[in-house]
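Some notes on the structure that comes next.
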Amino acid sequence: MHYYAAYAMARMAGLRPKAAGTIATASQYVDDAVDADIRHHEKGNKLAPIVTAHKLLELTENRDVNDQPFVWVPFHFFPGNKGKDFTEQLLCRKDSPLINELIDHYLDLHDCPFALELIGLVAHVYADTFSHSGFSGVSSRQNKVDAASITPLNAAAPTATYLDKKLDSFFRMFGFQGGLWTNVRRSIISNGAVAVLPDLPYLEWSFRYEHSPEIFKRNNVDTFLEACRKMHAMFQRFVSLSTGHDDGTSGIDFSTKEDRIKDILSFQDGKTQRSEKWRTAFTKGELGIKPGEEIPLYDPALWDKQRNHFPGLDKPQKVAASNIYHFYQAASLHRHYLLRELLPKHNLIVV
């Protein structure tokens, strides 16, 4: 979703392939920027990464209440700022007024050197407000779900088998009440309680929070389709404001391709096969782009190499023109703006 769908929406909005590639890579890289090691240049310069995610099994980092506000809150569980108490205000809310205010601010930065990476990063954050709605990025009882209540509703036979194995593996690893999950269960973070289900575009499923008797039903196809529509509109606004990134067309009307996009989102299979579904439809011209054009394969190693090769640069200042440095600039700006400016402006102090 964060790469292939973002790329397709960016191209449909009228962005050039190169710009769409940078935006989509930044969007997905939010999940992959887990390296915190500072790189040192022999001339004394340093390249300090901005960590925007942690791996699932990094229990120490994931349960660190002092780290959660700097990683999970700004990059994956944007606070909706609704409710009476602090933990309720931290719950993610889809397409909230607050996330739209943030988007407006970032669109005003459309000509900054790292504008593409910034728009890609916020595309990830924006999309997550749809799939992660109802959960927060800090340890909170608000996130606790009755594991026995988690029920996939529309999984076809092969997918049902996959989900059974996935859920079984998850709860064997972390446990319903024991296992490794005892390390974090006392104040569970984010949507880990419902495993991978919010992030599977095709799934209809239901669950119950531990603090409520109500059964909540989710239709991920409808949720992800709305996210695609909103992301496309955001990219269109960026095209209209920025210079040098448009492809010379007026873009593709989302409504004319909505049924095809919904069909892609409904496809039940593994991540690789779902990615190919996007690439195939795109190349065939089914999303309005000239047939024959391809969505490049996502390759985080390209940006990883830019970071890792910093110590070998003849002039360390050259790194400032790289995508990885632009991504770190975007991530640093976003974290500061959200936590130190936007949220306090709305009377929500997280850190």
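In terms of our numbering, the sequence shown opens at residue 384 and continues consecutively. For every residue, glycine included, the Cβ atom is placed at its ideal position computed from N, Cα and C.
Straight-line measurement puts the Cα of Lys429 at about 39 angstroms from the Cα of Gly653. In the pairwise beta carbon analysis, the segment 457-477 is classified as not touching the segment 689-704: fewer than three pairs are separated by under 8 angstroms.
In this structure, His459 lies away from Lys527, with their beta-carbon atoms at least 8 angstroms apart.
Of Leu546, Tyr412 and Ala396, the smallest CA-CA separation from Ile707 is found for Tyr412. Across the structure, Leu670 and His615 are spaced so that their CA atoms are roughly 12 angstroms apart. A direct Cα-to-Cα measurement between Lys401 and Lys426 gives close to 33 angstroms.
Look at Thr534 here: in three-state DSSP terms it is strand.
The beta carbons of Ser410 and Ala498 sit no closer together than 8 angstroms.
Here Thr435 is buried. Its C-beta has 16 or more other C-beta atoms within 10 Å. Within the same chain, and ignoring the five residues on either side of Ile647 in sequence, the residues whose Cβ sits closer than 7 angstroms to its Cβ are Lys660, Trp661 and Ala664.
The three-state secondary structure of Phe461, taken from DSSP, is coil.
Comparing alpha carbon positions, the residue from Gln689, Gln712 and Pro581 closest to Lys477 is Pro581. Take the alpha-carbon of Arg620 and the one of Ala531: they are about 43 angstroms apart. Take the alpha-carbon of Ala510 and the one of Lys613: they are about 9 angstroms apart. C-alpha of Val702 to C-alpha of Glu484: approximately 31 angstroms in a straight line. Pairwise C-beta distances place the segment 625-642 in contact with the segment 393-400, as three or more of them are shorter than 8 angstroms.
With distances taken between CA atoms, Leu586 lies nearest to Leu536 out of Tyr592, Leu536, Pro674 and Asp630.
Excluding five sequence positions before and after Ala713, the CB atoms of its chain that fall closer than 6 angstroms to its own CB belong to Phe497, Glu500, Leu501 and Leu504, given in chain order. C-alpha of Asp420 to C-alpha of Glu724: approximately 28 angstroms in a straight line.
Straight-line spacing of the CA atoms in Ser623 and Ala403 works out to 15 angstroms. For the 8 angstroms CB-CB criterion, Trp588 and Thr534 form a contact. For Lys429, DSSP records a beta bridge to His423. In the three-state DSSP reduction, Arg591 falls in the strand class (E or B). Under the criterion of beta carbons closer than 8 angstroms, Met384 and Phe618 do not qualify as touching, at roughly 15 angstroms. In the same chain as Gln689, and ignoring 5 residues on each side of it, the C-beta atoms closer than 7 angstroms to its own belong to Ser705, Asn706 and Ile707, in chain order. Assignment of Lys477 by DSSP, reduced to helix, strand and coil, places it in the coil class.
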